[in-house]
Each structure stands twice: as structure tokens, then as C-alpha cells.
Amino acid sequence: MNIRNLCFIFLLLYSAQIFAAHTFPAHIILKTVNGQEIDIDSYKGNTPVYIKFWATWCRDCMKQMPHLEATQKKYKGKIKIIAVNLGVNDDQSSVSNVIKKFNLSMDVVIDKDGELAQKLNLIGTPYHVVVNRVGQVVYKGYVDTNPVDDALQKVLLENGKQSPNNAQKHSVITQSESINSDGLQAVYYFATWCDWYLKSSRPNMSQQCVRSQILINELSSKNKKIKWRGVATRLWTNEEDVRKYAHKFNVSYPLEIDTTNQEIFASRIRVFPTLVLLENGKEIYRTTAFDETEMCKSRTELCKQQG
Numbered sequence: 427m428n429i430r431n432l433c434f435i436f437l438l439l440y441s442a443q444i445f446a447a448h449t450f451p452a453h454i455i456l457k458t459v460n461g462q463e464i465d466i467d468s469y470k471g472n473t474p475v476y477i478k479f480w481a482t483w484c485r486d487c488m489k490q491m492p493h494l495e496a497t498q499k500k501y502k503g504k505i506k507i508i509a510v511n512l513g514v515n516d517d518q519s520s521v522s523n524v525i526k527k528f529n530l531s532m533d534v535v536i537d538k539d540g541e542l543a544q545k546l547n548l549i550g551t552p553y554h555v556v557v558n559r560v561g562q563v564v565y566k567g568y569v570d571t572n573p574v575d576d577a578l579q580k581v582l583l584e585n586g587k588q589s590p591n592n593a594q595k596h597s598v599i600t601q602s603e604s605i606n607s608d609g610l611q612a613v614y615y616f617a618t619w620c621d622w623y624l625k626s627s628r629p630n631m632s633q634q635c636v637r638s639q640i641l642i643n644e645l646s647s648k649n650k651k652i653k654w655r656g657v658a659t660r661l662w663t664n665e666e667d668v669r670k671y672a673h674k675f676n677v678s679y680p681l682e683i684d685t686t687n688q689e690i691f692a693s694r695i696r697v698f699p700t701l702v703l704l705e706n707g708k709e710i711y712r713t714t715a716f717d718e719t720e721m722c723k724s725r726t727e728l729c730k731q732q733g
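Numbered per my numbering, the sequence shown finishes at 733, counting up by one with no gaps.
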């Protein structure tokens with residue numbers, strides 16, 4: 427299944443029309459790639475805001491960029507439009523290349539710590555959030571063009587009074603219980619789609635995802651005194667995806683989905699895969715490189731065979 431179809435399934439299964447007001451989080455200050463600060467609160471009462479989350483490796487995001495720039499030109503001075511890069515498996519150089527390629531003229535932000543995505547309950551990209559003049563979220567979703575265009579027209583015509591909205595409400599899959607944090611625990615944070623979805627757009631990253639999983643399988647089979655966990659990002663992921671991933675890579679240690687994104691956010695995971703080694707719940711090592719020689723040199727307990 428490709429990401430486009432998966433997002434469509436999420437849209438059908440995990441969305442519902444609701445009629446309670448949802449207010450955009452307060453005190454959100456964003457910093458653009460040019461170093462300027464955007465205080466979202468400053469637009470409340472005057473100007474609607476449209477935020478689009480995207481990633482350089484997201485194919486649908488790239489297809490939608492011309493529409494985003496056309497929208498910026500259409501509503502310039504009427505609606506504040508902000509393009510927010512997800513900040514996951516991405517870097518400044520890649521973001522700059524996209525800005526140049528599509529001649530983006532709106533403010534561009536990188537959600538480096540994932541705080542904004544967390545507050546807006548993002549589970550995949552492209553993701554659109556439209557906020558009216560009084561700070562209500564009137565649309566949240568993955569569908570581009572018509573729904574977004576309709577929402578933008580709506581917020582321009584609103585008189586600024588509190589009103590119901592049709593923001594999508596997402597359900598989540600129950601996360602498995604965390605294991606005891608005593609002793610050594612190795613947590614492998616991964617994305618179920620990293621190996622295949624990035625194969626064409628980020629081949630090196632895709633290969634890294636495969637190599638790292640193979641290495642973690644080997645280490646976990648040798649080091650039984652370390653408690654091993656695999657934690658999947660909730661981005662474009664459900665239980666069936668994790669089951670298929672476990673079967674594909676013959677994973678023997680427990681896997682779960684961080685359905686609330688609380689653990690991944692608190693652990694500051696911005697690259698998948700990442701390995702974090704904990705001792706009695708305290709982090710003592712992390713890596714995104716997955717070089718076995720360097721890993722064993724840095725933390726011998728990772729590679730020392732234990733029965």
C-alpha cells in the first residue's frame with residue numbers, strides 16, 4: 427500500500443464531523459528559515475491563518491507545492507500562509523532546495539522539535555490546518571485543493587464570531603504497555619515505511635533503514651540481558667503495518683506504536699531510525715548512524731554477547 431492510499435484510509439476511518447469549537451493552541455511562536463519570528467497570536471482577531479505541514483521526501487507534498495504557491499499569491503495580505511516542514515528525516519539544505527525549486531514566497535518554517543505537529547495531532551503529511559480570525563481551527567485534514575480552498579473562502583467570509591467547525595477528529599490505536607525501566611533498555615525508534623517509501627526519493631536513507639533493522643535484530647538476539655523495544659512513529663502507521671514490518675524483517679523483540687507521540691516527542695526523536703540506550707530509565711547513549719564498530723566502541727554492553 428502506498429502512502430497516498432494509506433492517508434486516504436486514515437481519512438475515512440479516523441475522521442468525523444464534529445461541532446464543538448477547537449481553538450488553535452496559544453503562545454505559538456515559529457521561526458522561519460530566514461530567522462524571522464512569527465507570533466500566531468498576533469493574527470487573532472484580524473487575519474485567518476493557513477498552515478501546511480510537508481516533508482521534502484513526501485511525494486504528495488511535492489505535487490501540492492504549485493497549488494500552495496498559487497494559494498499564497500491569491501490570498502497574500504488576506505490570509506497568513508505558513509509552510510511548515512515536518513523536521514523528520516530532513517535538513518536545512520533539502521528544505522532550501524524545495525523553496526528554490528517551487529519559488530515559494532510564503533514563510534517557511536522547520537518544526538525542529540516537533541512541538542507544533544504534536545499540538546495539532548499530526549499523523550501524516552501533507553497536513554492542512556486552517557484557522558479563522560478568532561483562532562478557531564475550521565479545517566484539519568490531508569485532502570488538498572477543494573476542501574482547503576472551501577475552508578479558506580469560508581474564513582474570509584466569516585464575521586469573526588465563534589462558530590462550529592468541521593475539523594477532523596482522529597482516533598488512535600491503543601499503545602502497548604511500557605516495560606519495566608530497571609536495568610538496561612534499548613529502544614529502537616523506527617518508521618514502518620522508511621525502507622520502501624523512501625527507496626526512490628531518499629535511497630541512502632532507505633538503505634540505512636534496512637541495514638539498521640538487520641543490525642538491531644542481530645544485537646537483540648545476542649544480548650538477552652538488555653530489554654529491547656521497537657517503537658514505531660504513528661506517522662502513516664497502523665497495527666497492520668507494524669505486523670507486516672515485523673514479519674518482513676523477522677523481528678523477535680516487542681514492537682508498538684507511539685499512538686500519542688508523547689514518547690517520541692519527549693525523547694526528541696527527529697530522525698528514524700534512532701537507537702536510544704537507557705540505564706534505569708536514564709539515557710546513556712543514542713545513535714542514528716548504526717555503524718556497528720562505532721556502536722560497540724562507544725557502548726560495549728550493546729555488543730558484548732550476554733546469555
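Quick reminder that beta carbons are idealized off the backbone N, C-alpha and C, glycines included. Every value quoted in this text rests on a predicted model; they were computed, and no experiment measured them.
Start and end residues, beta strand (DSSP E) containing Tyr-671
On the sequence shown, position 245 is the one that residue 671 refers to. That residue, Tyr-671, is in no beta strand (DSSP E); its alpha helix (DSSP H) goes 665 to 674.
For Asp-608, which residues of its own chain have a beta-carbon under 7 Å away from its beta-carbon, when the five flanking residues on both sides are left out?
Numbered from its first residue, the sequence shown carries residue 608 at position 182. Asn-706.
I believe Thr-551 touches Leu-512 by the beta-carbon criterion, under 8 Å. Please report the beta-carbon distance rounded to the nearest angstrom.
In the sequence shown, residue 551 corresponds to position 125, counting from 1. In the sequence shown, residue 512 corresponds to position 86, counting from 1. Contact between Thr-551 and Leu-512 holds: CB atoms are separated by about 6 Å, below the 8 Å threshold.
Only counting the same chain, and skipping five residues up and downstream in sequence, which positions put a Cβ closer than 6 Å to that of Asp-717?
Numbered from its first residue, the sequence shown carries residue 717 at position 291. The beta carbon of Asp-717 sits closer than 6 Å to no other beta carbon from its chain once the five residues preceding and following it are set aside.
Looking at Phe-691 and Gly-540, is the spacing between their C-beta atoms short of 8 Å?
If you number the sequence shown from 1, residue 540 lands on position 114. If you number the sequence shown from 1, residue 691 lands on position 265. Yes, these two residues count as a Cβ contact at 8 Å.
How about Met-532 and Ile-507: are their beta carbons less than 8 Å apart?
Within the sequence shown, numbered from 1, the residue matching residue 532 stands at position 106. Within the sequence shown, numbered from 1, the residue matching residue 507 stands at position 81. Yes, these two residues count as a Cβ contact at 8 Å.
How is Val-459 classed by DSSP in three states: helix, strand or coil?
Along the sequence shown, one-based indexing puts residue 459 at 33. Here Val-459 sits in coil by DSSP.
Near Arg-628, which residues of its chain fall below 6 Å by C-beta distance, leaving aside the five closest residues on each side in sequence?
Position 202 of the sequence shown holds residue 628. Within the same chain, Arg-628 has close Cβ partners Trp-483.
For the region 556 to 565 against the region 673 to 686, do three or more pairs of beta-carbon atoms, one drawn from each stretch, fall closer than 8 Å, so that the two count as touching?
Touching, no.
Please report how far the alpha carbon of Val-613 lies from the alpha carbon of Lys-538, in whole angstroms.
Residue numbering aside, residue 613 sits at position 187 when the sequence shown is read from its first letter. Residue numbering aside, residue 538 sits at position 112 when the sequence shown is read from its first letter. Taking the CA atoms as reference points, Val-613 sits about 21 Å from Lys-538.
Can you tell me whether DSSP reads Tyr-501 as helix, strand or coil?
Walking along the sequence shown from the start, residue 501 turns up at place 75. Reduced to three states, the DSSP call for Tyr-501 is helix.
Around the Cβ of Gly-561, are there at least 16 other Cβ atoms within 10 angstroms (buried) or fewer (exposed)?
What you label residue 561 is simply residue 135 of the sequence shown in a count that begins at 1. Result: buried.
Classify Asp-576 as buried or exposed, calling it buried when 16 or more other Cβ atoms lie within 10 Å of its own Cβ.
As a working mapping, residue 576 is identified with position 150 in the sequence shown. So Asp-576 counts as exposed.
Report the three-state DSSP secondary structure of Trp-480 (helix, strand or coil).
By 1-based counting over the sequence shown, the position of residue 480 is 54. It is a strand residue.
When the Cα atoms are used, what is the spatial distance from Trp-654 to Gln-633?
Residue 654 sits at position 228 when you count from the first residue of the sequence shown. Residue 633 sits at position 207 when you count from the first residue of the sequence shown. So the two alpha carbons sit approximately 22 Å from each other.
So what does DSSP say about Glu-644, is it helix, strand or coil?
Here residue 644 refers to the residue found at position 218 when the sequence shown is read from its first residue. Three-state result, Glu-644: helix.
Reducing DSSP to helix, strand and coil, say where Asn-572 ends up.
Here residue 572 corresponds to residue number 146 of the sequence shown, with the count starting at 1. Correct three-state label for Asn-572: helix.
Rounded to the nearest angstrom, what separates Ile-464 and Lys-457 at their Cα positions?
Here residue 464 corresponds to residue number 38 of the sequence shown, with the count starting at 1. Here residue 457 corresponds to residue number 31 of the sequence shown, with the count starting at 1. Their Cα atoms are separated by approximately 6 Å.
Ignore the nearest five residues each way along the sequence and tell me which others in Lys-723's own chain have a CB closer than 7 Å to its CB.
Residue 723 sits at position 297 when you count from the first residue of the sequence shown. A distance below 7 Å between beta-carbons, with the five flanking residues on each side excluded, links Lys-723 to no residue of its chain.
Enumerate in chain order the residues of its own chain whose CB-to-CB distance from Asp-621 is below 7 Å, with the five nearest sequence positions on each side excluded.
What you label residue 621 is simply residue 195 of the sequence shown in a count that begins at 1. The beta carbon of Asp-621 sits closer than 7 Å to those of Ser-632, Cys-635 and Val-636, all from its chain and outside the five residues before and after it, given in chain order.
Among all the DSSP beta bridges, which residues are the ones paired with Arg-655?
Here residue 655 refers to the residue found at position 229 when the sequence shown is read from its first residue. Partner(s): Val-613.
Pick from Asn-523, Ile-454 and His-673 that is closest to Lys-545, judged by C-alpha positions:
On the sequence shown, position 119 is the one that residue 545 refers to. Here the closest residue by C-alpha is Ile-454.
At the level of alpha carbons, what is the spacing between Val-702 and Ile-640?
In the sequence shown, residue 702 corresponds to position 276, counting from 1. In the sequence shown, residue 640 corresponds to position 214, counting from 1. Cα-Cα distance, rounded: 16 Å.
Rounded C-beta distance between Leu-610 and Lys-651? I'm assuming under 8 Å.
Within the sequence shown, the letter at position 184 stands for residue 610. Within the sequence shown, the letter at position 225 stands for residue 651. 7 Å between Cβ atoms; contact.
Candidates Arg-485, Val-557, Gly-471 and Ser-522, of which the one nearest Ser-626 by Cα:
The residue you call residue 626 lines up with position 200 of the sequence shown. Considering only alpha carbons, the answer is Arg-485.
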